[in-house]
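Just so you know, the sequence shown maps onto residues 0 to 79 in numbering that gives the first Met the number 0.
Ideal placement from N, C-alpha and C gives every residue a C-beta, glycine not left out.
Have a look at the structure below, then the notes.
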Amino acid sequence: MIGRYIVTDPEICHGKPTFRGTRIMVWQVLEQVASGMAWETIEEEWHGKVTKDAIAEAVHLASRAFIEHADDYALELAPA
Numbered sequence: 000m001i002g003r004y005i006v007t008d009p010e011i012c013h014g015k016p017t018f019r020g021t022r023i024m025v026w027q028v029l030e031q032v033a034s035g036m037a038w039e040t041i042e043e044e045w046h047g048k049v050t051k052d053a054i055a056e057a058v059h060l061a062s063r064a065f066i067e068h069a070d071d072y073a074l075e076l077a078p079a
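Laid out in structure tokens, this is it:
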């Protein structure tokens with residue numbers, strides 16, 4: 000278990016992070032957030048299986064991961 004709403008299980012979606020009780024992968028919802036889709040719309044698109052609280056957890060965890068690995072991204076983006 001990663002969080003209250005996000006889990007990993009090697010038996011589900013090859014161990015990729017998903018929302019608890021679904022096969023909805025976190026990256027799919029993060030892509031919707033990144034595209035500017037309203038959280039209410041995302042919740043509706045997934046028929047209530049991904050709540051605004053679950054989206055907030057995904058955004059928070061993604062933000063934390065980015066901060067923890069910011070140096071890795073800086074190296075990849077640095078001009079040669």
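Review point. Whose C-alpha, out of Ala33, Arg19, Trp26, Ala64, is nearest the C-alpha of threonine 50?
Key: Arg19
**Study point:** glutamate 39 versus glutamate 56 - alpha carbon distance
**Key:** 15 Å
Exercise for review: Reducing DSSP to helix, strand and coil, say where isoleucine 23 ends up.
Suggested key: coil
**Study point:** Residues that DSSP places opposite valine 6 in a beta bridge
**Key:** Thr17
Check your understanding: Between which two residues does the alpha helix (DSSP H) containing histidine 40 stretch?
Key -> The amino acid at residue 40 is misidentified as histidine; the sequence shows threonine. First-last of the alpha helix (DSSP H) with threonine 40: 38-44.
Review point. So who's on the other strand from isoleucine 11, going by DSSP bridges?
Key: Asp8
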